[in-house]
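Below is one structure, written out as structure tokens; comments come after it.
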Amino acid sequence: MNTLSSSDWLTAVLIAVTAGLVKGMVGFALPLIMISGLSSFLDPRLALAGILMSVLATNGWQVTRQGLTPAREAAERHWRYLLIVMVAIFLTAQLVTIIPRRAFYLILGVPVVGLSLMQLRGVRLHVPPERRAAAEWGIGLVSGVLGGLAGTWGPMTVLYLMAIDTPRARQMVVQGVIYGAGAVVLFLAHLRSGILNAETFWFSAALLPAALIGMSLGFKLQDRMDQALFRKVTLIVLIVAGINLIRRGIFG
């Protein structure tokens with residue numbers, strides 16, 4: 001880390017601000033933006049460590065922004081999803097140094113782009129109430145595996161919440177609770193895996209203020225959106241995130 005140039009630091013800070021801005025607007029995509037941006041010029045392990053403090057803190061802010069009662073209700077409503085995501089993240093994070101991740105990027109990226117494009121064209125995905133328990137186990141497992149291996153478990157979570165017609169305010173809280181719980185597990189898992197250590201911790205901490213500044217600006221933009229605009233912007237961010245996952249799956 002002591003070999004990073006001033007231009008490397010400036011680039012890393014700008015990436016963190018951008019990731020925080022998008023996170024504040026739509027409630028997700030900070031890990032996707034940071035990990036893809038940082039890993040384009042840093043060692044992938046340092047890039048992964050670099051996102052951990054920002055992921056943890058921004059999700060904590062998102063959870064508590066509307067108070068603790070909505071957060072508790074979200075946790076009770078989606079406890080299955082929370083449980084499987086946390087277990088899958090912890091288990092798969094231990095394999096991050098030995099399992100190639102490119103196949104997982106493709107497996108997630110292709111359906112995310114396809115499903116998001118369908119919804120932008122007016123096709124509404126819907127999970128009926130009687131199938132939601134099974135959907136939470138299955139989608140939560142996929143999200144957790146990607147979270148452990150690549151530090152991102154957002155896209156499938158967002159698609160699921162949109163498929164059950166979650167209102168904007170509740171969606172932001174639910175995403176914050178799910179991502180926040182996963183972020184705690186991811187942080188602890190990478191303390192165990194060695195990705196986060198005495199050196200990389202300070203790099204991760206140095207990027208946190210930039211991510212928080214970006215998120216503050218994003219919250220202001222989100223507060224001006226109605227439900228329809230929020231849904232459209234969310235789908236566009238999903239498409240961009242999915243294309244980036246496909247790119248990483250093909251080119252590494």
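Counting along the sequence shown from 1, when you hit position 175 you're at 175 in this note's numbering, and nothing is skipped either side.
Each residue gets a CB set at the ideal place from its N, CA and C atoms; glycine is no exception.
Could you check the C-alpha separation between residue i and residue j for me, to the nearest Å?
| i | j | result |
| --- | --- | --- |
| Gly249 | Trp79 | 31 Å |
| Ser204 | Ala49 | 6 Å |
| Val17 | Met118 | 30 Å |
| Pro128 | Ile164 | 7 Å |
| Gly147 | Arg224 | 30 Å |
| Ser143 | Ala206 | 27 Å |
| Phe251 | Leu38 | 16 Å |
| Thr234 | Leu191 | 32 Å |
| Tyr81 | Ile178 | 8 Å |
| Gly122 | Phe187 | 38 Å |
| Ala134 | Pro111 | 19 Å |
| Ala341 | Ala103 | Given a span of 1 to 252 for the chain in the structure shown, any question on residue 341 remains unanswerable. |
| Leu6 | Phe28 | Looking at the sequence shown, residue 6 is not Leu but Ser. Between Ser6 and Phe28, the C-alpha separation is close to 28 Å. |
| Gln62 | Trp153 | 16 Å |
| Pro167 | Arg231 | 10 Å |
| Ile139 | Arg131 | 12 Å |
Does the beta-carbon distance from residue i to residue j come in below 7 Å?
| i | j | result |
| --- | --- | --- |
| Ala88 | Leu141 | yes |
| Val113 | Ile243 | yes |
| Trp9 | Ile84 | no |
| Ala189 | Phe90 | yes |
| Thr200 | Leu46 | yes |
| Ala241 | Leu42 | no |
| Gln222 | Met25 | yes |
| Asn59 | Ala169 | no |
| Ile239 | Ser116 | yes |
| Leu4 | Gly109 | no |
| Thr92 | Leu149 | yes |
| Met86 | Val185 | yes |
For the alpha helix (DSSP H) that residue i lies in, which residues bound it at each end?
| i | result |
| --- | --- |
| Asn59 | 44 to 64 |
| Thr3 | Careful: Thr3 lies outside any alpha helix (DSSP H) and carries neither H nor E. |
| His78 | First-last for His78: undefined, no H or E at that position. |
| Ser36 | 30 to 38 |
| Pro155 | 155 to 163 |
| Leu95 | Where Leu95 is concerned, there is no enclosing alpha helix (DSSP H), given that its DSSP letter is neither H nor E. |
| Ile213 | 200 to 222 |
Helix or strand or just coil, what does DSSP make of residue i?
| i | result |
| --- | --- |
| Asn244 | helix |
| Ile250 | helix |
| Asp255 | Here the chain comprises residues numbered 1 to 252, so residue 255 is not present and cannot be evaluated. |
| His190 | helix |
| Thr166 | coil |
| Leu196 | coil |
| Val13 | helix |
| Val112 | helix |
| Pro128 | coil |
| Arg102 | helix |
| Phe90 | helix |
| Met225 | coil |
| Gly27 | coil |
| Gly67 | coil |
| Gly253 | The question about residue 253 has no answer, for the chain in this structure spans 1 to 252. |
| Phe41 | coil |
Quick check: is any heavy atom of the ligand ZN less than 6 Å from the C-beta of residue i?
| i | result |
| --- | --- |
| Ser40 | Here there are no bound small molecules, and the ligand ZN is not part of this structure. |
Taking 7 Å as the CB-CB limit, is residue i close to chain B?
| i | result |
| --- | --- |
| Arg168 | Considering every chain present, this structure includes no chain B. It has just one protein chain. |
(message) Does the structure place the region 17 to 26 close enough to the region 216 to 235 that three or more beta carbon pairs sit under 8 Å?
(response) The answer is yes - the region 17 to 26 touches the region 216 to 235, with three or more Cβ pairs under 8 Å.
(message) Taking 8 Å as the cut-off, does the region 199 to 213 touch the region 46 to 62 (at least 3 CB pairs, one atom from each stretch)?
(response) Under the 8 Å Cβ criterion, the region 46 to 62 counts as touching the region 199 to 213, having at least three qualifying pairs.
(message) Three Cβ pairs or more, each shorter than 8 Å: is that satisfied between the region 189 to 200 and the region 155 to 164?
(response) Verdict: no, contact absent.
(request) Would you check if there are 3 or more beta carbon pairs closer than 8 Å linking the region 58 to 78 to the region 168 to 176? (result) The region 58 to 78 vs the region 168 to 176: in contact.
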